[in-house]
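Under my numbering, the final residue of the sequence shown carries the number 883; numbering is consecutive throughout.
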Amino acid sequence: MTKTGLVKAASVVAALTIVSKILGFIRETSLAAVFGATSDTDAYLLAQTIPHLLFAAISYALTTTFIPVYSHVREERGKEAGFRFANNVIWALLFVAVLFVFAGEALAEQLVRFVAPGLDDPVAKLTEYLSRIIFPMMLFQLLSGVVTGILQADGEFGVPTAAGLAQNVAIIVSILVFGPRYGIASVAVGTLVGAGLALFVKLPALAGTGFRWRAVFDLRDPGLKRMFILMLPAILGAGANQVNTLVDRMLASGLAEGRLTALNYANRLTQLAPGIIGASITTVVYPTLARLAAKKDWQRFSAGVVSSLSLVHFLLLPIAVGVLVLREPLVRIVYERGAFDAVATNETAWALLFFSIGIAAFPMQDLVSRTFFTLQDTKTPLVLGGVTVATNVILNLLLVGPLEQGGLALATVVATTVGLILGLFALKRRGLGKLTWKPLLVSMGKTLIASLIMGFAVIWVYRYSASLVPGQRTVHELVRTGLAAVFGAALYLALTWVLRVEELQVAVNYVLGLSKRLGSLRAKVG
């Protein structure tokens, strides 16, 4: 795939992701308006966390090892061999997933007490009940990961991204339609139904690739053996990342009521831009890097890694600075309504202050980690994950006392940054082609200068706009924040043009493609 093709595909994914994120924020704001930052919401969020702790390691290991191995099988033995390999993976996953679901249902009480020992008995009982409802959704999500891998390896990126729309709609309906009458349990049911819908909407596209689900399971498949060998360290590495989430939840459960929810809401805001921009680039680049690794085309492989990291940093660092300086108005615009009051806004903005620092680092670290998986190297991410976890746990324990939920957020950012830096050093040592970080560092330096100047300007514009557009309503805050954001974006583009940042033209093409796709989606809806 050419650079133009990558930008085009990434813009398609980003456009669909924006729609999905809009629905995601409707979901979050609906949850905040109907249930607020209360013990019910805490119980629901923890109930989601528990099955993720069991399945997320397997899910991440699956999605990161399946595509490289599948690409190698197709490259060496043809498309039909790739489909046979995929069928074997599906049957193996079904067996493992069913075992885990039964185990989770049986041990729900013990898992709740382990994950959130600080919960009062009524909240713990509610969390246990909700987790039992949600557990089976991981069966759908694991199968969905294989289907997504097949589609992406075939060059289909739109359908897997659009599947998230169905999931969000199901949850929103469960909150707004059934939530006021049946309580938080209806949201758990909606979460389960949404996971099932997200799988089923991909099946027509899967059939279009020529894939057919066959009742054949061959343990002697060399691709299956290779994948399971790679998955073992990948599971341990992903499990290490889940320890971060576990420690965050455990420590947050001991804070005052609503702090855990404030941490979650701040994290959701932080992940918006990386989830759109970073994920769209990584989604398209990852199978491309896997194909280049299968062909041993290290020159293009190295160039793709450097240019992708540079583009992610160029696009996300100014957003990180903008979120940092406009954190309170952003939280008010998105969440402050209904049961979500000014106190909840302050608590969420406090966590967002620290989370925002890592907006660019989060997807860059993920991209570096996934680059090792394209090389079928799962040991290095395992070691890096262990260092990241150790850093995060130590900082969590040190910072949660003085900074509360803000300390948990800061620990996550610092640990992620440490993992990113070590990952870059480790990747450099692989000696792939002419891999050099000088272009990346130069681009990052120029981007940092432009972003900092932009940040100070945004603060001034926002304060000045307060005198032009007074008022406390959401629409007033939206106008003030919008003026500051538009001015900041224009200034950032001008500064990067003056500094001759190479990623500017690629970014412009990305944004133009994104605007075109959004226009097409809007026309179809109209």
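Yeah, the Cβ is synthetic: ideal placement off N, Cα and C, and Gly gets one too. In this text, all values refer to a predicted model and were calculated from it rather than measured experimentally.
Would you mind stating whether V669 and L784 have Cβ atoms separated by less than 9 Å? In this structure, L784 does not lie closer than 9 Å to V669 by Cβ.
Where the alpha helix (DSSP H) containing A660 begins and where it ends: 655-682
Quick check: what's the CA-CA separation for F730 versus Y819? 43 Å
Answer with buried or exposed for E614, where buried requires no fewer than 16 other C-beta atoms within 10 angstroms of its C-beta. Exposed, because fewer than 16 other Cβ atoms sit within 10 Å of the Cβ of E614.
Per the contact definition of three or more C-beta pairs closer than 8 Å, is the stretch 720-738 in contact with the stretch 775-783? Yes, the stretch 775-783 touches the stretch 720-738.
Would you say Y643 and Q498 are within 9 Å of each other, going by their C-beta atoms? no
Same chain, Cβ closer than 8 Å to P686, neighbours up to 5 away in sequence not counted: Y819, E834, R837, T838
What does the alpha-carbon distance come out to for the pair D397 and V770? 28 Å
In chain order, what residues of the same chain have a beta carbon less than 6 Å from the beta carbon of A523, not counting five sequence neighbours either side? L554, A555, V558
Roughly how many angstroms lie between the CA atoms of L496 and T566, to the nearest whole one? 23 Å
DSSP three-state call for W794: helix, strand or coil? coil
Among residues of its own chain, excluding the 5 on either side of G883, which ones have a beta-carbon nearer than 7 Å to its beta-carbon? Confidence is the limiting factor: at G883 the pLDDT is only 48, short of 50, which leaves the residue's position unreliable and the question unanswerable from this model.
Would you report the Cα separation of P590 and P827, rounded to the nearest angstrom? Take the alpha-carbon of P590 and the one of P827: they are about 56 Å apart.
Return yes when the Cβ of L732 is within less than 9 Å of the Cβ of G635, no when it is not. no
If we ignore side chains and look at the alpha-carbon of each, how far apart do V573 and A449 end up? 11 Å
Which whole-angstrom value is the C-beta distance of G551 and A527, which I expect to be below 8 Å? Their Cβ separation, rounded to whole angstroms, is 3 Å, which keeps G551 and A527 in contact under 8 Å.
Using the three-state DSSP reduction, which class does L499 fall into: helix, strand or coil? helix
F492: buried (16+ other C-beta within 10 angstroms of its C-beta) or exposed? Label assigned to F492: buried.
Is it the case that the stretch 440-456 contacts the stretch 757-770, given that we only count it when at least three CB pairs across the two stretches are under 8 Å? no
Taking K653 as the reference, which of H429, H409, T421 has the closest Cα? H429
What is the DSSP secondary structure of G883, reduced to helix, strand or coil? Unreliable positioning characterises G883 in this predicted model, as indicated by a pLDDT of 48, which lies under 50. A coordinate reading is not provided.
Under 9 Å between the Cβ atoms of S610 and L403? yes
Distance, L852 Cα to G679 Cα: 15 Å
Residue of L683, V369, D605 minimising C-alpha distance to M811: L683
Should R689 be labelled buried (16 or more other beta-carbon atoms within 10 Å of its own) or exposed? Buried is the call here.
For a quick check, are the C-beta atoms of R727 and L646 less than 9 Å apart? Contact flag set, yes.
Enumerate in chain order the residues of its own chain whose CB-to-CB distance from A841 is below 6 Å, with the five nearest sequence positions on each side excluded. V815, V818, Y819
For T832, count the other beta carbons within 10 Å of its own beta carbon; 16 or more makes it buried, fewer makes it exposed. Which is it? In the sequence as displayed, the identity of residue 832 is Val instead of Thr. It is exposed - the Cβ of V832 has fewer than 16 other Cβ atoms within 10 Å.
Around the C-beta of R441, are 16 or more other C-beta atoms found within 10 angstroms, so that it is buried, or is it exposed? buried
Taking Cβ to Cβ, would you say A473 is nearer than 9 Å to M588? no
Residue from S665, Q722, A766, S664 whose Cα sits closest to the Cα of Q714: According to the sequence displayed, residue 714 carries Ile and not Gln. For I714, the nearest C-alpha among the options comes from A766.
Looking only at its chain, what residues have a beta carbon closer than 6 Å to the beta carbon of T748, apart from the 5 residues adjacent to it on each side? A772, V775
Tell me which same chain residues have a C-beta within less than 7 Å of the C-beta of L914, skipping the five on either side of it? Look at the range of the chain in this structure, 358 to 883, and you will see that residue 914 is not part of it.
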